[in-house]
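In our numbering, the protein residues as written are 9 to 318. Beta carbons are placed, not taken as given, at the ideal position from N, Cα and C, and that holds for glycine. A quick write-up on the structure given underneath.
Right, here's the structure in full:
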């Protein structure tokens, strides 16, 4: 038995039993991956997968019993390597972060700037993607940290999640727009105009929908986008009223647009940082998290990692 066999077993399950995708992810051949699985089954004396011809359909009962142990063994080996790197190259390495465009563009730059000043030899990778992919990458151990508003806080069994910061949606309109007349901003007034905001599943969109639904109002969302920069572009073209995360507005950069605070209309949102449970954290990762939130000391983070309600 060897670690490569266990890695292939784990990756095959992660890739929904598609051996082609699993072998691609591990940079090996499909025939080689298939042989590793057969060898592992032979050594263990049990069939791990249900099969139809050469196709893998799912785990057998024995496979379901063993997969969690296999995942733990592979994770322990990966943690061993990271621990050794910590001993020999304490301030060198790589930090991978999966996050949405909003976080990467508006929340993380000051954190990254301060971190790079402290750890110039650590290479940073920012994976910009949707909340579902962030969860998937973090579960698979392909990134060290996930940052998002949606998705992460529902995964406390797999992740240690903690609050990064809180924010509200605001309304954004061109200068001279009727909503910028100084009169009280209401949902009814906003809904008189075509609206431009985020795609479903991004940047608190579901909560926006719920607010209008609770008020018995059906807004006309004429355009949706993944990020605030696109939303602002089409608001500038006077195609609609924008609903964006407040931190996405910058007065100097967004000249010609007016931000109308709407905290009295829309609930506050919380952006979370998530870590995979059982994952060994290099010292510079603790530092990155401490920059995100000063009260997140190494001791606090270790405590969060061991609790399922973190």
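| query | result |
| --- | --- |
| Cβ shell of residue 178 (< 7 Å), same chain only, five flanking positions each side left out | 252, 254, 257, 267, 268, 269 and 270 |
| Three-state secondary structure assigned by DSSP to residue 283 | strand |
| N- and C-terminal bounds of the beta strand (DSSP E) containing residue 169 | 167-175 |
| Sequence ranges, beta strand (DSSP E) only - wholly within the region 151-224, length at least 3 | 153-156, 167-175, 177-182 and 203-206 |
| Proximity of residue 145 and residue 135 at Cβ, strictly below 8 Å | yes |
| Per-residue burial, residue 44 [other beta carbons within 10 Å of its own, 16 or more giving buried] | buried |
| Own chain residues within Cβ distance below 7 Å of residue 148, not counting five before or after | 22 |
| Coarse secondary structure for residue 135, derived from DSSP in three states | strand |
| Where residue 261 falls, given that 16 or more other Cβ within 10 Å makes a residue buried | exposed |
| Backbone CA spacing between residue 19 and residue 30 [nearest angstrom] | 5 Å |
| Residues near residue 27 in its chain [Cβ-Cβ closer than 7 Å; skip 5 each side] | 20, 38, 41, 42 and 64 |
| Rounded straight-line distance, which links the Cα of residue 281 to that of residue 133 | 16 Å |
| Cut-off 6 Å between Cβ atoms - residues of its own chain near residue 122, not counting five sequence neighbours on either side | 299 |
| Which listed residue (173, 227, 113 and 189) has its alpha carbon closest to that of residue 237 | 113 |
| Inter-residue Cα distance where the pair is residue 68 and residue 141 | 27 Å |
| Straight-line Cα distance separating residue 289 from residue 55 | 35 Å |
| Span of the alpha helix (DSSP H), counted from its first residue to its last, around residue 117 | 117-126 |
| Same chain only: Cβ atoms within 6 Å of residue 9, ignoring 5 sequence neighbours per side | 51 |
| Beta-carbon proximity check, residue 34 vs residue 15, cutoff 8 Å | yes |
| Top-ranked residue by Cα proximity to residue 265, from 286, 193 and 241 | 241 |
| Beta carbon proximity, residue 58 to chain D, threshold 8 Å | In the displayed structure, chain D is absent; only one protein chain is listed. |
| Start and end residues, alpha helix (DSSP H) containing residue 15 | 11-22 |
| Residue burial classification, residue 247 (beta-carbon count within 10 angstroms, cutoff 16) | exposed |
| Proximal residues to residue 100 (C-beta, below 6 Å), its chain only, five neighbours per side dropped | 129 |
| Neighbourhood of residue 91 by C-beta, 7 Å cutoff - its chain only, sequence neighbours within 5 removed | 288 |
| Cutoff 6 Å; reference residue 230; Cβ partners in own chain excluding five residues on either side | 202 and 248 |
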